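Below is one structure; the comments refer to it alone.
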């Protein structure tokens, strides 16, 4: 398991610069953030920037096996224009990521919580169809999709499935992946989302089993999705990390902690020193315990 | 469609037959025999006779008693001994409900918050088994079982599926009914629970379709299960009543409220009259 952080902790910096700074700080791995892959995609010469990022990584001891694909992508959208546009963007991002050596793309299940249940069922079919297409496209680049668990909606949300949002339980992700039926589709477990949802990290990890191919590591108080650094919330990290080891997970222990942002980059990096040390201590402690 | 109320609308030591009389006096056309009153019948010296008297009283008043609320205990719990005790209680509740002229017994899905997925699936197996047995018992007495919708939790609960609770979405209820595959099994839609869960009422009734066989009608603020009168909370009743009509519901519009417990009976009567008037306006509007 490699201790990693998503690059948007330095969202103010250009992608290559953020990667360089974080690699220099001592992180073993990185997830290219959605902000940075979008910045690359929308740049004048995307391939050149992607190559620049790859060169920075090659000169470091840091790896970047995963990316957060377009965070707003709604592959289940009822609006065909929206769905096609997002799918096109995701495909382009996969191409660029492949150029940087990235092999796993985290993606949300999407959906609009329709008002009528018939529309909810239609949405589920579109979701499966879209993911099949994306998975087939990604396979050409030896690239896998990791579908991320979400949280249910706010108390005032109204829909044919109430406040529920598709993909907030691991069981739903398994059902989705079964339906997609492609070998290059797995799960990204966002442990903070699971915690808000009332799913213990350890139980969430065990439920993912060998489909777990990526993680979003973040903490919260169990009430709101705060994206804090580990041990700042109420997640049981000892049990959670033990479960990760039990399942034989070897991917990134990837911190996605926008709750720790808000400072200028130089101060953020200072703050990250402590976060890095704490996270390393958590992983080492659990290793010693086993 | 006719307006009714669960008989616990008045408690305060008022005997069941007097409750029925007062409900008829304020204009209710029917009611649900509450679990509290059902237990009173069971605990009486001569339960069968007490149930028979209830039926006679309702008949004389022209009051229909189509549904009763059976135990609220967890019939999907994994403790077999406890479950058997509850099923025995259900049998007795059904026997007396039938004597009282009731046709539908309402049960909650139960199941709690299983810690693992394996446990969750075992709970579902047990739930289906318990409902199958409840339906068999009910059939022997010419009754039907209704499974009631619940709502997701928002507290500190944890489980294999987090704070989600089985039975909050209507497809969960259909899944149990499909699995049990009994003719005498349908849905009791609780309008307040749909509001807590964020399910618009008209859509909820449409999702029940022709499996709707009972109603629990009450309102709330969308956050707490307040069981207050329709129009006092945030439910869109126009949408809800339209949904009821779309599915062709002609049964009881059963208010499950207790607005004035503890107040003088005259005040309760006054309030109940207003509640009936409001409900009538909602249905005629």
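Protein chains in written order, with our numbering: chain A, 17 to 306; chain B, 2 to 286. Ideal Cβ positions, reconstructed from N, Cα and C, are used throughout, including at glycine. None of these values were measured; they are calculated from a predicted model.
Selection from the options that minimises the alpha carbon distance to residue i
i, options, result
"residue 261 of chain B", "B:5, B:12, B:6 and B:2", "B:12"
"residue 148 of chain A", "A:196, A:258 and A:294", "A:196"
"residue 270 of chain A", "A:244, A:278 and A:283", "A:244"
"residue 28 of chain A", "A:107, A:200, A:239 and A:51", "A:51"
"residue 169 of chain A", "A:157, A:126 and A:153", "A:126"
"residue 191 of chain A", "A:160, A:176, A:216 and A:227", "A:227"
"residue 87 of chain A", "A:55, A:213 and A:173", "A:55"
"residue 242 of chain A", "A:216, A:258, A:215 and A:276", "A:276"
"residue 174 of chain B", "B:247, B:157, B:152 and B:159", "B:152"
"residue 172 of chain B", "B:160, B:207 and B:185", "B:207"
"residue 45 of chain B", "B:125, B:17 and B:62", "B:17"
"residue 151 of chain A", "A:58, A:111, A:26 and A:67", "A:111"
"residue 58 of chain A", "A:108, A:273, A:21 and A:92", "A:108"
"residue 8 of chain B", "B:176, B:64 and B:268", "B:64"
"residue 50 of chain B", "B:85, B:98, B:62 and B:19", "B:98"
"residue 144 of chain A", "A:33, A:40, A:19 and A:183", "A:183"
"residue 259 of chain A", "A:283, A:22, A:205 and A:78", "A:205"
"residue 249 of chain B", "B:209, B:232 and B:236", "B:209"
"residue 154 of chain A", "A:299, A:293 and A:104", "A:104"
Beta-carbon gap between residue i and residue j smaller than 8 angstroms
i, j, result
"residue 229 of chain B", "residue 258 of chain B", "yes"
"residue 265 of chain A", "residue 17 of chain A", "yes"
"residue 219 of chain B", "residue 193 of chain B", "yes"
"residue 99 of chain A", "residue 90 of chain A", "yes"
"residue 94 of chain A", "residue 128 of chain A", "yes"
"residue 53 of chain B", "residue 95 of chain B", "no"
"residue 202 of chain A", "residue 160 of chain A", "yes"
"residue 171 of chain A", "residue 244 of chain B", "no"
"residue 170 of chain B", "residue 212 of chain B", "no"
"residue 25 of chain A", "residue 273 of chain A", "yes"
"residue 134 of chain B", "residue 77 of chain B", "no"
"residue 53 of chain A", "residue 72 of chain A", "no"
"residue 174 of chain A", "residue 92 of chain A", "no"
"residue 225 of chain A", "residue 263 of chain A", "yes"
"residue 242 of chain B", "residue 190 of chain B", "no"
"residue 221 of chain B", "residue 196 of chain B", "yes"
"residue 214 of chain A", "residue 163 of chain B", "yes"
"residue 223 of chain A", "residue 161 of chain B", "yes"
"residue 92 of chain B", "residue 72 of chain B", "no"
Simplified DSSP state of residue i, which is helix, strand or coil
i, result
"residue 226 of chain B", "coil"
"residue 294 of chain A", "helix"
"residue 19 of chain B", "helix"
"residue 286 of chain B", "coil"
"residue 3 of chain B", "strand"
"residue 219 of chain B", "coil"
"residue 10 of chain B", "helix"
"residue 22 of chain A", "strand"
"residue 240 of chain B", "helix"
"residue 47 of chain B", "coil"
"residue 136 of chain B", "helix"
"residue 232 of chain B", "coil"
"residue 279 of chain A", "coil"
"residue 69 of chain B", "strand"
"residue 163 of chain A", "strand"
"residue 122 of chain B", "helix"
"residue 81 of chain A", "strand"
The ligand SAM heavy atom lying under 7 angstroms from the CB of residue i
i, result
"residue 133 of chain B", "Absence of the ligand SAM from the depicted structure is noted, as is the absence of any ligand whatsoever, leaving it without description."
Contact between the segment 184-201 of chain A and the segment 231-244 of chain A (3+ Cβ pairs under 8 angstroms): no
Against chain A: residues of the segment 231-253 of chain B by CB proximity under 8 angstroms: none
Residues, ordered as in the chain, of the segment 160-189 of chain B that lie near chain A by beta-carbon distance below 7 angstroms: 160, 161, 162, 163, 164, 165, 169 and 170
Meets three-Cβ-pair contact criterion under 8 angstroms: the segment 3-20 of chain B and the segment 59-69 of chain A: no
Three or more C-beta pairs below 8 angstroms linking the segment 249-259 of chain A and the segment 193-206 of chain B: no
Contact between the segment 17-30 of chain B and the segment 39-55 of chain A (3+ Cβ pairs under 8 angstroms): no
Cβ-based contacts, 8 angstroms cut-off: residues of the segment 202-217 of chain A near chain B: 210, 213, 214, 215 and 216
The segment 98-113 of chain B contacting the segment 68-77 of chain B, beta-carbon criterion three pairs below 8 angstroms: yes
Selection of the segment 251-262 of chain A by Cβ proximity to chain B, strictly under 8 angstroms: none
Three-pair Cβ contact test at 8 angstroms for the segment 31-45 of chain B versus the segment 112-128 of chain B: no
Cβ pair count under 8 angstroms reaching 3, the segment 139-151 of chain B against the segment 116-125 of chain B: no
Interface positions of the segment 197-212 of chain B facing chain A (Cβ-Cβ less than 7 angstroms), listed along the chain: 198, 199, 200, 201, 204 and 208
Under 7 angstroms (Cβ pairs) to chain A, residues found in the segment 34-48 of chain B: none
Under 8 angstroms (Cβ pairs) to chain B, residues found in the segment 158-173 of chain A: 168, 169, 171, 172 and 173
Selection of the segment 121-133 of chain A by Cβ proximity to chain B, strictly under 8 angstroms: 131, 132 and 133
Selection of the segment 60-80 of chain B by Cβ proximity to chain A, strictly under 7 angstroms: none
Chain A contacts from the segment 106-125 of chain B (Cβ-Cβ distance under 9 angstroms): 114, 116, 117, 118 and 121
Under 8 angstroms (Cβ pairs) to chain B, residues found in the segment 174-185 of chain A: 174, 175, 176, 177, 178, 179, 180, 184 and 185
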